[in-house]
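Please read the structure below before turning to the comments.
There are 6 protein chains.
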Amino acid sequence: MPAGELRQSESSEAEAEQWLWAQIKAEARRDAESEPALASYLYSTILSHSSLERSLSFHLGNKLCSSTLLSTLLYDLFLNTFSSDSSLRAAAVADLRAVHERDPACVSFSHCLLNYKGFLACQAHRVAHKLWIQSRRPLALALHSRIADVFAVDIHPAARIGKGVLFDHATGVVVGETAVIGNNVSILHHVTLGGTGKAGGDRHPKIGDGVLIGAGATILGNVKIGEGAKIGAGSVVLIDVPARTTAVGNPARLVGGKEKPSKHEDVPGESMDHTSFISEWSDYII
Amino acid sequence: MPAGELRQSESSEAEAEQWLWAQIKAEARRDAESEPALASYLYSTILSHSSLERSLSFHLGNKLCSSTLLSTLLYDLFLNTFSSDSSLRAAAVADLRAVHERDPACVSFSHCLLNYKGFLACQAHRVAHKLWIQSRRPLALALHSRIADVFAVDIHPAARIGKGVLFDHATGVVVGETAVIGNNVSILHHVTLGGTGKAGGDRHPKIGDGVLIGAGATILGNVKIGEGAKIGAGSVVLIDVPARTTAVGNPARLVGGKEKPSKHEDVPGESMDHTSFISEWSDYII
Amino acid sequence: MPAGELRQSESSEAEAEQWLWAQIKAEARRDAESEPALASYLYSTILSHSSLERSLSFHLGNKLCSSTLLSTLLYDLFLNTFSSDSSLRAAAVADLRAVHERDPACVSFSHCLLNYKGFLACQAHRVAHKLWIQSRRPLALALHSRIADVFAVDIHPAARIGKGVLFDHATGVVVGETAVIGNNVSILHHVTLGGTGKAGGDRHPKIGDGVLIGAGATILGNVKIGEGAKIGAGSVVLIDVPARTTAVGNPARLVGGKEKPSKHEDVPGESMDHTSFISEWSDYII
Amino acid sequence: MPAGELRQSESSEAEAEQWLWAQIKAEARRDAESEPALASYLYSTILSHSSLERSLSFHLGNKLCSSTLLSTLLYDLFLNTFSSDSSLRAAAVADLRAVHERDPACVSFSHCLLNYKGFLACQAHRVAHKLWIQSRRPLALALHSRIADVFAVDIHPAARIGKGVLFDHATGVVVGETAVIGNNVSILHHVTLGGTGKAGGDRHPKIGDGVLIGAGATILGNVKIGEGAKIGAGSVVLIDVPARTTAVGNPARLVGGKEKPSKHEDVPGESMDHTSFISEWSDYII
Amino acid sequence: MPAGELRQSESSEAEAEQWLWAQIKAEARRDAESEPALASYLYSTILSHSSLERSLSFHLGNKLCSSTLLSTLLYDLFLNTFSSDSSLRAAAVADLRAVHERDPACVSFSHCLLNYKGFLACQAHRVAHKLWIQSRRPLALALHSRIADVFAVDIHPAARIGKGVLFDHATGVVVGETAVIGNNVSILHHVTLGGTGKAGGDRHPKIGDGVLIGAGATILGNVKIGEGAKIGAGSVVLIDVPARTTAVGNPARLVGGKEKPSKHEDVPGESMDHTSFISEWSDYII
Amino acid sequence: MPAGELRQSESSEAEAEQWLWAQIKAEARRDAESEPALASYLYSTILSHSSLERSLSFHLGNKLCSSTLLSTLLYDLFLNTFSSDSSLRAAAVADLRAVHERDPACVSFSHCLLNYKGFLACQAHRVAHKLWIQSRRPLALALHSRIADVFAVDIHPAARIGKGVLFDHATGVVVGETAVIGNNVSILHHVTLGGTGKAGGDRHPKIGDGVLIGAGATILGNVKIGEGAKIGAGSVVLIDVPARTTAVGNPARLVGGKEKPSKHEDVPGESMDHTSFISEWSDYII
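Chains as they are written, first to last, in the UniProt record's numbering: chain W, 1 to 286; chain V, 1 to 286; chain G, 1 to 286; chain E, 1 to 286; chain B, 1 to 286; chain H, 1 to 286.
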């Protein structure tokens with residue numbers, strides 16, 4: 001991107017962040033007024049802060065701290081990282097929007113910021129990933145361990161994750177070291193993007209943009225899940241899945257068959273359509 | 001129920017609670033005597049309290065608190081809710097009995113009260129649900145988030161759950177917003193009662209009385225699992241399952257076939273018979 | 001083993017422990033120097049301690065404590081148990097080596113000691129198991145409960161686990177009361193070794209030496225998984241699996257067929273080969 | 001007091017409490033609005049509570065708790081005691097008013113409620129005293145110990161203290177077992193009301209109504225400080241002091257001399273006049 | 001002492017410790033039974049421990065810990081020190097007996113062990129002192145700082161303190177680096193044994209055996225307070241005080257006069273007679 | 001000061017801070033190497049930080065936090081205040097130097113930074129004072145309350161304190177609202193700079209540069225202690241003290257007499273000479 005466009009993009013990102021932060025504060029203020037028992041929580045996590053990055057750093061620092069990794073240390077680490085890298089802030093904004101748009105159970109942006117373990121684990125991972133690529137690996141791995149303990153979400157700090165990603169429910173998600181997740185992907189709980197053995201090297205799945213991966217799906221090895229593909233809940237996938245097709249079952253099969261798989265045109269990672277393929281799935285008859 | 005019967009029922013519920021609480025105290029006293037290292041824990045959680053509701057409120061408050069949601073606040077919230085709603089106390093009693101009867105690894109009522117994350121998550125959910133239907137949604141969702149973090153059990157506060165329910169092991173259970181779970185149901189760990197997409201509305205499973213759902217089963221959409229049905233471990237269920245039948249596999253099939261499925265007469269949610277269908281499951285041959 | 005050999009074996013175990021501890025301290029020292037933000041953590045967990053058992057007891061005590069089970073009490077319990085039983089220390093050493101050899105994402109022994117929830121849960125389980133066989137059951141169960149809450153790893157204290165065992169990622173693992181796991185086994189996350197109903201007695205799987213169990217596999221009942229067998233990810237296994245064969249799918253089938261299953265000669269629990277069977281698995285075609 | 005008057009008095013006390021609580025909430029609301037960084041603190045301590053007794057119980061529970069005496073336990077103890085004894089609540093109200101009237105540094109009632117260690121120590125003492133006279137001595141002494149650790153204010157739980165008492169600054173105050181303090185007394189920091197040796201029995205000072213005791217004064221033995229007397233800062237008093245006289249110095253002398261001591265007519269415990277006697281104190285010449 | 005006698009003395013010290021520990025456990029058991037709300041505290045601090053040194057180490061570790069000095073670290077430090085040095089244990093026993101004999105407000109040994117900040121500060125000081133003479137000065141000073149923060153008792157780790165010492169109330173006590181305190185001394189709160197300026201060297205008081213120092217007394221410089229001397233409350237002492245005499249006032253004078261001071265024969269540090277000198281103190285007339 | 005000089009002065013202050021910070025890190029590194037048990041503490045408080053202001057903010061945040069005022073909030077407040085006001089940093093540097101020069105028990109700058117409650121209370125007060133003059137009074141008072149609880153040092157946030165001030169031992173110090181303390185003053189523990197009654201207005205002492213105030217001295221009212229004056233331990237001062245004179249006793253008298261008091265030429269606040277006046281103090285004869 002030319003420098004001019006980059007600046008413009010950054011400035012519009014900053015505006016988007018401002019707008020979102022104003023929404024979040026308004027929501028929190030409304031909730032604090034209607035529910036005094038929660039007001040202390042809302043003030044400490046949101047309303048006392050001057051920016052999204054401060055609120056998020058505070059919340060993550062207090063969630064992920066332990067008796068041997070103090071909240072002040074983590075707060076400092078998060079705040080320094082978010083403050084110095086606008087792309088992390090932009091990703092957080094895109095992720096918040098993704099949750100808000102795709103999960104009908106999400107009642108507000110502040111609800112997601114405070115309560116969605118998938119969102120929080122992902123933002124903490126983005127910081128761990130930054131530490132990893134700065135070769136601060138022991139710190140990245142310590143943070144990884146805290147995320148795995150606290151949220152039961154286990155994303156290796158080397159894994160690369162795009163923007164606008166929704167980890168819904170998120171408990172039990174495992175993402176391996178060389179996995180890559182594209183933009184606008186939605187991943188349900190208990191999903192594994194795993195490796196294939198004890199050899200090192202590039203050994204984890206590559207998830208294209210707009211993919212939807214159902215609950216409990218297991219994808220193993222350096223396989224490619226094409227753009228806009230859909231992986232059914234509970235599927236076990238060991239080889240590539242073409243773009244805009246649907247793989248289901250254990251072992252996974254393409255809906256419509258290997259030769260002429262059914263194609264869908266939308267972006268399932270955004271539409272979140274988990275089950276429309278049923279009528280086409282000939283084996284699925286109780 | 002006529003008012004007279006209701007009073008009688010409440011009084012017998014109160015008696016049941018008294019009896020159970022006396023059992024729990026006797027168990028805890030015996031354990032404190034035999035194991036001084038645990039006595040402090042048993043006194044603080046059970047023996048220093050004058051009622052089951054106080055003990056449970058104390059235990060949940062200390063389990064679910066965080067640096068931004070203090071134990072005193074949660075204790076107060078739990079105690080006020082349990083004290084003012086006898087149906088919540090009766091449900092807790094029924095759940096304790098269910099665990100004790102159905103799980104051979106459960107050695108005592110106090111063992112369940114203190115240590116079963118499924119039991120504790122369910123009681124905390126019942127409080128969150130009560131807040132939800134009182135339109136105290138931000139507080140309900142904050143509580144929901146704590147339960148999901150601490151127990152890795154993610155039950156939306158709007159979900160309705162009957163009495164005598166066993167969440168065995170419980171880690172990884174996900175229950176969506178419009179799900180309904182009947183009485184005397186048993187649900188193993190990693191079970192998902194999930195939705196079908198990003199549209200709101202009634203979109204989660206309805207689980208009939210006496211159903212047994214095996215570990216890792218995934219049930220998606222507004223489907224009906226009939227009374228006394230049995231869902232095999234690891235099954236993926238996307239359409240209705242008739243009463244007293246068994247669905248297994250991914251994709252799930254009825255044991256005995258769609259046309260003339262085998263019927264069992266007992267209440268599998270109570271008998272906890274996970275595997276008797278094997279001999280009938282023709283595909284199941286290693 | 002004759003007494004002389006036993007002493008020799010113990011002495012070589014002690015040497016192995018010394019060597020490993022020296023490695024761990026060297027790694028931690030190097031990391032503390034390169035990353036001051038982590039140095040406090042590394043000193044408190046490793047570098048301030050004089051032995052592996054002290055470091056491990058400190059770390060587990062601080063990880064597993066709660067407001068009602070204090071870190072000092074747990075530290076004392078762990079230290080006394082590890083100090084008085086060299087077989088527990090030898091098992092910890094074997095487990096550390098297993099992680100280091102088998103998991104390419106494991107960058108150092110100290111990384112495993114500090115951050116691998118599977119390793120930590122397993123060592124805490126070994127202590128709980130020792131308490132169980134000493135008939136200190138309430139304490140064993142309280143510890144079990146803390147492990148299940150903190151690591152989302154639920155291993156019944158009565159379950160017997162061999163040496164050189166790797167629980168990779170570990171979130172969601174459930175191991176029942178009468179399960180037995182052999183030596184050099186590798187078990188991925190979300191694996192269930194479950195029971196079959198509400199009757200007591202011997203009702204959980206027996207896993208032979210060198211077995212590899214893929215992510216999300218569910219094995220139910222008192223079935224025998226033969227030495228060196230391999231269970232594919234997401235499989236549901238309800239009957240015995242012969243040694244050195246591979247079972248995959250839901251319901252699980254033997255690769256190569258029931259009559260003449262393919263046999264592999266290596267120890268998959270050590271080679272961690274998850275996917276080489278694909279070409280042989282005729283059904284696996286997307 | 002006849003029952004009718006008692007009820008009337010209680011009812012007007014309840015009104016006074018209501019009025020004060022409304023003031024405190026208004027102050028806290030104003031402060032929360034002007035200072036978001038403090039709003040979380042103000043909501044958790046004051047604004048989320050429905051009564052002064054709940055706010056005070058919460059605040060004391062969180063201030064005085066330790067890792068072995070949990071905040072929930074103390075909160076429960078304080079709340080039960082304040083709820084069941086209106087005289088304790090009336091004393092707290094009188095003490096709050098006393099601080100507000102007598103200490104020019106006190107900017108508001110909420111300031112006193114939250115921040116005055118003398119006020120907080122005194123209210124916690126009133127609860128410990130109630131436990132003492134109920135023969136719950138070990139608990140009273142444990143509470144006494146926490147007050148002495150946290151506030152550096154050491155009042156034996158058997159000591160009797162009137163209403164409208166101001167402990168200003170309070171650090172270092174020591175009040176012995178058989179001491180009695182009247183109404184409307186003001187006591188500065190480092191004041192000792194001590195005993196005389198190792199014999200038991202009635203051995204501590206009796207402080208009349210309206211007395212003012214300056215900073216660092218030491219009064220030892222079962223001596224009587226008459227109503228409205230004034231004890232100068234740093235004085236050491238070992239024998240009785242007549243009403244409305246002033247004792248100063250080490251050893252203490254009566255201002256005006258033993259035979260014809262100067263008399264003042266006001267209530268120095270309320271006027272807080274520490275130094276007007278200087279001109280009369282012939283020895284006092286630098 | 002010849003080796004044989006030393007062994008005998010150690011064995012009788014061990015017996016005294018055993019006897020005292022049995023008393024303490026019996027007291028705590030009685031209190032736990034009569035007061036369930038305190039039982040958890042009593043079990044965690046006393047009844048779950050197998051020896052006085054373990055109980056004391058646990059209690060001090062939990063009292064003195066902070067977010068940057070963990071309880072497990074302090075517990076380990078205290079336990080190792082008390083276990084390896086029987087003279088520290090003997091001193092603790094002597095101090096417990098001293099409190100019990102001399103303070104009429106002390107209702108039991110367990111009361112002193114748990115609640116007397118002077119006793120606890122002194123035992124923690126003994127450990128800090130041991131570290132100091134082992135040249136582990138930074139650790140000794142860190143411990144000193146925690147004692148000063150938590151108990152408001154500030155004893156320099158280099159100061160030497162005898163056995164059977166009572167620090168009564170203890171708040172505000174300051175003891176300087178080169179101070180020495182003999183056996184069977186009793187020191188009230190706010191007592192200062194201070195230095196004389198900014199030069200180093202031997203510059204603090206030397207307190208003989210059996211001395212009694214009243215509340216708020218200030219003794220400055222390398223002065224000698226002779227055996228069995230008595231220092232009145234609030235006195236300021238800057239020069240030597242002969243054995244078995246009484247110094248009172250600011251500036252301090254000998255009772256009876258400098259030339260022929262009154263002599264008392266008893267050991268005031270044990271008799272705790274604070275005030276019998278009044279009749280002799282001619283100046284003392286209000 | 002002209003702008004150019006101001007910049008120069010600031011730059012040399014910054015250099016002094018750099019130099020001191022380098023000293024502190026070197027000391028901490030040396031101590032961490034010699035004492036592994038303390039290394040975690042030294043890394044978290046000093047060695048992991050990039051500047052004195054970060055280290056101090058971290059340390060104060062962790063010392064002063066409570067369950068209702070989180071460490072992250074306080075850390076943020078301290079860091080923002082120290083970062084934006086170089087005069088606060090310069091004062092901290094001057095205070096550290098003052099301790100190091102004047103207190104022979106101070107073994108290093110890091111010892112003071114970590115362990116001197118007087119130093120820490122004073123720096124926290126400087127932040128509270130800044131909040132006070134910015135009209136953020138409720139926050140200033142909440143901080144004041146935490147300082148008084150944690151350090152037993154009670155300095156009203158409105159009090160003005162110069163640079164190079166030593167609060168030695170510090171427990172029990174009370175400084176009132178309108179008190180002013182000059183530069184290079186040394187104040188021992190239990191010193192009171194108190195008011196005179198319940199009227200507001202300017203009512204507390206004004207302490208000139210270079211003054212030394214001994215332990216337990218009480219100075220009351222709007223009196224002026226002249227430059228370089230010395231107040232003896234335990235003195236009670238109610239009227240002005242001329243510059244470079246010494247006041248001792250209760251009631252205080254000038255050494256040498258009121259008419260021709262002895263004059264000393266040095267700066268006692270720096271020389272810390274507590275007792276050289278004894279020979280001149282005619283009354284001082286035991």
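Every residue, glycine too, gets a C-beta built ideally from N, C-alpha and C.
Source: prediction; values computed, not measured.
Pull up the distance between the alpha-carbon of alanine 105 of chain V and that of leucine 20 of chain V, whole angstroms please.
-> Here residue 105 of chain V refers to the residue found at position 105 when the second sequence is read from its first residue. Here residue 20 of chain V refers to the residue found at position 20 when the second sequence is read from its first residue. So the two alpha carbons sit approximately 19 Å from each other.
Starting from lysine 25 of chain V, follow its DSSP beta bridges and name the residues at the other end.
-> Looking up residue 25 of chain V in the second sequence gives position 25. DSSP lists no partner for lysine 25 of chain V.
Name the chain E residues whose beta carbon is nearer than 7 Å to that of asparagine 250 of chain H?
-> Reading the sixth sequence from its first residue, position 250 is the one you call residue 250 of chain H. At a C-beta separation below 7 Å, asparagine 250 of chain H has these neighbours in chain E: Gly234, Gly249, Asn250.
Do we get a CB-CB distance below 8 Å when we pair serine 66 of chain E with the residues of chain G?
-> As a working mapping, residue 66 of chain E is identified with position 66 in the fourth sequence. Interface residue (Cβ-Cβ distance to chain G less than 8 Å): serine 66 of chain E is not classified as such.
Kindly identify the DSSP beta-bridge partner or partners of valine 248 of chain V.
-> Within the second sequence, residue 248 of chain V is the residue found at index 248, counting from 1. V:Arg253, per the DSSP bridge assignment.
Should serine 55 of chain G be flagged as near chain W, meaning a C-beta pair shorter than 8 Å?
-> For the purposes of this step, residue 55 of chain G is taken as the residue at position 55 of the third sequence. No, serine 55 of chain G lies away from the interface with chain W (no Cβ there is under 8 Å from its Cβ).
For leucine 70 of chain E, go through chain G and note every residue whose CB falls closer than 8 Å to its CB, in chain order.
-> Here residue 70 of chain E refers to the residue found at position 70 of the fourth sequence. Using a Cβ-Cβ cut-off of 8 Å, leucine 70 of chain E is close to Ser67, Thr68 of chain G, given in chain order.
Report yes or no: is there a C-beta of chain B within less than 8 Å of the C-beta of tyrosine 284 of chain V?
-> On the second sequence, residue 284 of chain V is found 284 positions in, with the first residue counted as 1. Low confidence applies to tyrosine 284 of chain V: its pLDDT is 44, below 50, so where it sits in the model is not reliable, and the reading given next is rough at best. Chain B, which has no Cβ nearer than 8 Å to the Cβ of tyrosine 284 of chain V, makes this no.
Bounding residues of the beta strand (DSSP E) (the contiguous stretch that carries threonine 68 of chain G) | Here residue 68 of chain G corresponds to residue number 68 of the third sequence, with the count starting at 1. Where threonine 68 of chain G is concerned, there is no enclosing beta strand (DSSP E), given that its DSSP letter is neither H nor E.
By the criterion of Cβ-Cβ separation under 7 Å, what are the contact partners of tyrosine 43 of chain G in chain H?
-> The count along the third sequence starts at 1 and reaches residue 43 of chain G at position 43. One finds Pro36, Ala39, Ser40, Tyr43 in chain H with Cβ atoms closer than 7 Å to the Cβ of tyrosine 43 of chain G, taken in chain order.
Report the partner residues of isoleucine 133 of chain G according to the DSSP bridge assignment.
-> Within the third sequence, numbered from 1, the residue matching residue 133 of chain G stands at position 133. Per DSSP, none; premise fails for isoleucine 133 of chain G.
In angstroms with no decimal places, state the Cα-to-Cα distance between proline 261 of chain G and asparagine 222 of chain V.
-> As a first step, residue 261 of chain G must be located in the third sequence, where it is residue number 261. As a first step, residue 222 of chain V must be located in the second sequence, where it is residue number 222. Linking proline 261 of chain G to asparagine 222 of chain V through their CA atoms gives a straight-line distance of about 41 Å.
Is histidine 169 of chain E close to chain B, meaning its C-beta is less than 8 Å from at least one C-beta of that chain?
-> Here residue 169 of chain E is taken as the residue at index 169 of the fourth sequence, counted from 1. Any Cβ of chain B closer than 8 Å to the Cβ of histidine 169 of chain E would place that residue at the interface, and such an atom is absent.
Below 8 Å on the Cβ atoms is my guess for arginine 244 of chain V versus glycine 228 of chain V; work out the distance and round it to an integer in Å.
-> Here residue 244 of chain V corresponds to residue number 244 of the second sequence, with the count starting at 1. Here residue 228 of chain V corresponds to residue number 228 of the second sequence, with the count starting at 1. So it is a contact: roughly 4 Å between Cβ atoms.
Roughly how many whole angstroms lie between the Cα atoms of glutamate 259 of chain B and leucine 143 of chain E?
-> Translated into the one-based positions of the fifth sequence, residue 259 of chain B becomes position 259. Translated into the one-based positions of the fourth sequence, residue 143 of chain E becomes position 143. When rounded, the distance between both Cα atoms is 49 Å.
Looking only at its own chain, which residues have a Cβ that is under 6 Å from the Cβ of alanine 39 of chain B, when we skip the five neighbours before and after it?
-> Locating residue 39 of chain B in the fifth sequence gives position 39, counting from the first residue. The beta carbon of alanine 39 of chain B lies closer than 6 Å to those of Ala32 in the same chain, with the five residues before and after it left out.
Name the chain W residues whose beta carbon is nearer than 9 Å to that of phenylalanine 58 of chain H?
-> Position 58 of the sixth sequence, counting from 1, holds the residue named residue 58 of chain H. The contacting residues are Leu70, Thr72, Leu73, Asp76.
Under 8 Å, do residue 299 of chain G and glycine 234 of chain V count as touching if we go by C-beta distance?
-> Absent from the structure is residue 299 of chain G, since the part of chain G shown begins at 1 and ends at 286.
According to the Cβ coordinates, are leucine 70 of chain B and serine 67 of chain W closer than 8 Å?
-> Sequence index remark: in the fifth sequence, residue 70 of chain B carries index 70 (1-based). Sequence index remark: in the first sequence, residue 67 of chain W carries index 67 (1-based). With respect to serine 67 of chain W, leucine 70 of chain B sits close: the two C-beta atoms are nearer than 8 Å.
Where the segment 192 to 207 of chain W meets chain G: residues whose CB sits under 7 Å from a CB there = Answer set for the segment 192 to 207 of chain W: Thr192, Gly194, Thr196, Gly197, Lys198, Ala199, Gly200.
Can you pull the chain G residues whose beta carbon is under 7 Å from the beta carbon of proline 138 of chain W, in chain order?
-> The count along the first sequence starts at 1 and reaches residue 138 of chain W at position 138. Neighbours of proline 138 of chain W on chain G, chain order: Asp31, Glu35, Leu38.
Starting from the C-beta of residue 293 of chain G, find all residues in its chain whose C-beta is less than 7 Å away, skip the five residues before and the five after it, and write them out in chain order.
-> Here chain G has residues from 1 to 286 only, and residue 293 of chain G is not among them.
Along chain H, in chain order, which residues have C-beta atoms closer than 7 Å to that of serine 48 of chain G?
-> Counting from one through the third sequence, the residue named residue 48 of chain G turns up at place 48. Residues of chain H passing the Cβ test: Pro36, Ala37, Ala39, Ser40.
Any chain H beta carbon closer than 8 Å to glycine 210 of chain W = Stepping through the first sequence from its first residue, residue 210 of chain W is reached at position 210. Not flagged as an interface residue toward chain H: glycine 210 of chain W, since no C-beta distance is shorter than 8 Å.
Own chain partners of leucine 47 of chain E with C-beta closer than 8 Å, once the 5 adjacent residues on each side are dropped = As a working mapping, residue 47 of chain E is identified with position 47 in the fourth sequence. Answer for leucine 47 of chain E: Lys25, Ala28, Arg29, Ala32, listed in chain order.
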